[in-house]
Amino acid sequence: MKQALIRSHASRVCVGVICLSLLAISSACQRKTASNDAKGPSSDSCCPTEELLSCDGKATITISKSVTGQARADALMEQWKHNHPDRNWVEEEKAAHAFEEPADNSDILKDGQAKGHAYGDFSETDLLVWTRETEKFVAQGSRIFHSGDLLESTVGASCDMCHPHAANTHPETYPKFQTQLGRVVLLRDMINWCIENPVRGKKLAPDSAEMRALEAYIMAQRKGVEMNYGKH
Amino acid sequence: MAGYKSVETKYMEEREKLFRGLTNLDRRSFLKVSAAAMGAAAGLAAPASFTPVTVAQEPGEKASGGGEGFRFAYVSDSHLYEKHVNDRFVRGLLRGVDDVNNLDPQPDFVFYGGDLAQLGQPKELELGAEILKNLKAPLKIMVGEHDWYLDMGEKWRELYGDPTYSFDHKGVHFVVLNSVVEADFWTKRKMTPMERMKTVAGLDNGLQSSFTVGEKQREWLKNDLAGLPDDARVIVFSHSPLYKLYKAWNFWTDDADEVQAILQRFNKVVVIHGHTHQLLLNRIGNIYFYGMLATAWPWPYAPEGMPELTIEMTRPDPFNSTDGCGNGEIPVHPDGMIDMVYNLWNRNPITVRPPYMTSWGKTDVPPLPNRPSY
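Residue numbers (this note's numbering), protein chains in the order written: chain A, 925 to 1156; chain B, 86 to 459.
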């Protein structure tokens, strides 16, 4: 259990550990009477136990009174992880469906070029926030793109079944005259066409979170490709 | 408006009719159901299939090479869901079977190239078996990853036996491999069987391992081929291409080099694979590789590593659900080389003849598509 914590890489998890450690050490968490039926990775039947509640009020564990300090915090952390299997979803989505990284903006920080500008005085933290938030947006698109359930397909189809890694979607060619539809369309029109026809799901509102995410993912996958609207 | 039915309503009615017809599928009703399946899908209907192609090589031909010429057909990659989920893929397989049943004369046998099911579920495989039962010619079948990773091949083996086998037909030695063996990636991730299946079912899912033939089958292959002279006529079937094309989509077999080394001693070997759902050709030394078309959907071409012999099909029309799909027939020449006839459902068929392959694409070039593949 301890090792799992030591290996954890996401900084917010570390912040969580510190928070939980402090809580555990200062006994700020609620204590309840011992009970043996609580679920959790750390119940101990040999000694007197007590029930602990994590700071978000959602994870409860029953733990031996002899377990103190870091071990106690670790146990709470494990329970929290158990309750949040989706906590690393961006990393997991990246591992499953490798997508293009957003642009590297580190040039902005060179030679103090941003100093003295009201707009442009950025730090490493800013850049990190941009990258993470952009990636998260794209990752959400990737999740929908790869899931018949999220697309609400009635025939078990998802976008990746014809477009692995968004291949053959050529977003850079829109707007263009779509001959089969007899009018000029945008990428989102084609996304909706696919959702309605091969996927047999329900059309998305053009400004819906799902449509925005799908567009983000598809565009991200064509990083570096020249924009060429109207191309057939 | 009295009597008006929307496209959607018509589609749902046709779909229901198809599913109803599937409940009692014997050979007689098969003809009816498959004929209906072809014309149906209101608004999505494809033009009638091209009539069966006349092949240059007549069955039974005796000529140079010492062997006997004959012909077999193939159907591949149908990706069936359970009956009630998806009708499009059912229609695809019905059409494939129907096309092959309409060949005159009938092929000596029909080879099924794997991925009969989409998620390896018993009901998907049973539906496939029920439809394939209607082939007039004898069936030979290979396993694909979609058939395997829910129950690790249990149901598939129950239906078809060992996935690794060989047989001789009119002097040609045929070998069927299971090339979709993946190293265990699921235990560490505590995946359920369905999670494992869905991971493998995602072509672009990087959590899975690479396909292999594996040491055990390579040993088996060595033994199986041991008694054959170097000029033997050998045709190998593998679900994944037995070479390294594009790893990110498992258009790839990780121990392909080792398998090729086993085959290299023969004057020529033909390898026919599924999985890539497209017209795909390659040659490595004396080994000639041919990809099979799917009945379910076409894949895009890999973004890199395309073999130079490949003639890329024009990009399939997304508005036509069977474009880029198809099946094929394969006349085997007396010398062991094949004609690969790509029976594309909405396009002119493309025949790849041996001189194209043996001359590295210099002669006998099949008609080239007029549009890029993207």
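Idealized CB from N, CA, C, for every residue including glycine.
Does DSSP put residue i in a helix, in a strand, or in coil?
i, result
"B/Tyr197", "strand"
"B/Met425", "strand"
"B/Asp253", "strand"
"A/Leu1052", "helix"
"B/Tyr159", "strand"
"A/Ser1066", "helix"
"B/Ala202", "strand"
"B/Val261", "strand"
"A/Phe1101", "strand"
"A/Ile1142", "helix"
"B/Asn352", "coil"
"B/Phe336", "strand"
"B/Glu99", "helix"
"B/Val266", "strand"
"A/Leu977", "strand"
"B/Phe374", "strand"
"B/Pro416", "strand"
"B/Thr284", "helix"
"B/Lys329", "strand"
"A/Asn1007", "helix"
"A/Phe1061", "helix"
"B/Leu107", "helix"
"B/Phe322", "strand"
"A/Thr992", "coil"
"A/Gly1080", "coil"
"A/Arg1112", "helix"
"A/Lys1205", "Not covered by the structure: residue 1205 of chain A. The range shown for chain A is 925 to 1156."
"B/Val182", "helix"
"A/Thr1093", "coil"
Starting from the C-beta of residue i, find all residues in its chain whose C-beta is less than 6 Å away, skip the five residues before and the five after it, and write them out in chain order.
i, result
"A/Ile1115", "Leu1138"
"B/Trp445", "none"
"B/Val195", "Ala158, Val185, Leu220, Ala222 and Leu224"
In chain order, what residues of the same chain lie with their CB nearer than 8 Å to the CB of residue i, ignoring the 5 residues before and after it?
i, result
"B/Arg303", "Asp340, Glu343, Val344 and Ile347"
"B/Gln191", "Lys221 and Ala222"
Label residue i either buried or exposed according to how many other C-beta atoms from any shown protein chain fall within 10 Å of its C-beta, with 16 as the threshold for buried.
i, result
"A/Asp971", "Contrary to the premise, residue 971 of chain A reads as Cys rather than Asp in this sequence. A/Cys971 is exposed by the Cβ-count criterion."
"B/Val356", "buried"
"B/His258", "buried"
"B/Glu99", "buried"
"B/Gln203", "buried"
"B/Asp172", "buried"
"B/Tyr197", "buried"
"A/Tyr1043", "exposed"
"B/Arg456", "exposed"
"B/Tyr89", "exposed"
"A/Gln1145", "buried"
"B/Met237", "exposed"
"B/Gln349", "exposed"
"B/Phe252", "exposed"
Considering only residues of the same chain and omitting the five flanking positions on each side of residue i, which have a CB-CB separation below 7 Å?
i, result
"B/Arg438", "Asp424 and Asp449"
"A/Asn1029", "Leu1051 and Trp1054"
"A/Tyr1153", "Thr1097, Tyr1098, Pro1099 and Lys1100"
"B/Pro383", "His362, Gln363, Pro401, Gly409 and Cys410"
"A/Ser1066", "Glu1017, His1021, Phe1023 and Tyr1141"
"B/Ala268", "Ser294"
"B/Asn290", "Thr284"
"A/Arg1112", "Pro1130, Met1135 and Glu1139"
"B/Ala317", "His258 and Phe351"
Any heavy atom of the ligand FAD closer than 7 Å to the beta-carbon of residue i?
i, result
"A/Gln994", "Although the ligand FAD was asked about, the structure shown includes no ligands whatsoever."
At a Cβ cut of 8 Å, what residues of the stretch 165-189 of chain B count as close to chain A, listed as they run along the chain?
-> Residues passing the 8 Å Cβ filter: Tyr166, Val170, Asn171, Asp172 and Arg173.
At least three beta-carbon pairs within less than 8 Å, the stretch 202-216 of chain B to the stretch 233-244 of chain B | Short answer: they touch.
Selection of the stretch 324-336 of chain B by Cβ proximity to chain A, strictly under 8 Å | Of all residues in the stretch 324-336 of chain B, Ala333 and Trp334 have a Cβ within less than 8 Å of some Cβ in chain A.
Proximal residues, the stretch 261-289 of chain B versus chain A, C-beta separation under 8 Å = Look at the stretch 261-289 of chain B: the residues with a C-beta under 8 Å from a C-beta of chain A are Thr284, Gly287, Leu288 and Asp289.
Could you list the residues in the stretch 426-447 of chain B with a C-beta less than 9 Å from some C-beta on chain A, going in chain order?
-> Answer in chain order: no residues at all.
Specify whether the stretch 372-383 of chain B and the stretch 172-183 of chain B touch according to this definition: at least 3 beta carbon pairs, one from each stretch, less than 8 Å apart.
-> As far as the Cβ criterion goes, the stretch 372-383 of chain B touches the stretch 172-183 of chain B, which means the pair count is three or higher.
Taking a Cβ distance cut-off of 7 Å, strictly less, list which residues of the stretch 1020-1044 of chain A are near chain B, in chain order.
-> Those would be Ala1020, His1021 and Ala1022, in chain order.
Selection of the stretch 1081-1092 of chain A by Cβ proximity to chain B, strictly under 8 Å | Shown in chain order are the members of the stretch 1081-1092 of chain A whose Cβ falls below 8 Å from a Cβ of chain B: Ala1081, Asp1084, Met1085, Cys1086, His1087, Pro1088, His1089, Ala1091 and Asn1092.
Tell me, please, whether the stretch 1070-1087 of chain A touches the stretch 1055-1062 of chain A by the rule of three or more beta-carbon pairs shorter than 8 Å.
-> Because the criterion of three Cβ pairs below 8 Å is not met, the stretch 1070-1087 of chain A and the stretch 1055-1062 of chain A do not touch.
So does the stretch 271-284 of chain B actually touch the stretch 308-322 of chain B, counting three or more Cβ pairs closer than 8 Å?
-> Result no; under three Cβ-Cβ pairs closer than 8 Å.
Residues in the stretch 382-394 of chain B having any Cβ partner in chain A nearer than 9 Å = Listed by position along the chain: Trp382, Pro383, Trp384, Pro385, Tyr386, Ala387 and Pro388.
Near-chain A residues of the stretch 195-206 of chain B (beta-carbon distance less than 9 Å), N- to C-terminal order = The residues in question are Gln203 and Leu204.
Chain-ordered residues of the stretch 396-411 of chain B with a beta carbon less than 8 Å from chain A = When C-beta distances to chain A are compared with 8 Å, the residues of the stretch 396-411 of chain B below that value are Arg400, Asp402, Pro403, Phe404 and Ser406, in chain order.
With 7 Å as the limit, tell me which residues of the stretch 1098-1109 of chain A have their beta carbon closer than that to any beta carbon of chain B; keep them in chain order.
-> Of all residues in the stretch 1098-1109 of chain A, only Gln1104 come within less than 7 Å of chain B when Cβ atoms are compared, listed by chain position.
Against chain A: residues of the stretch 287-314 of chain B by CB proximity under 8 Å | Against chain A - using a Cβ distance shorter than 8 Å - the residues of the stretch 287-314 of chain B are Gly287, Leu288, Asp289, Asn290, Gly291 and Leu292.
Which residues, in order along the stretch 1121-1142 of chain A, keep a beta-carbon less than 7 Å from a beta-carbon of chain B?
-> Against chain B - using a Cβ distance shorter than 7 Å - the residues of the stretch 1121-1142 of chain A are Pro1122.
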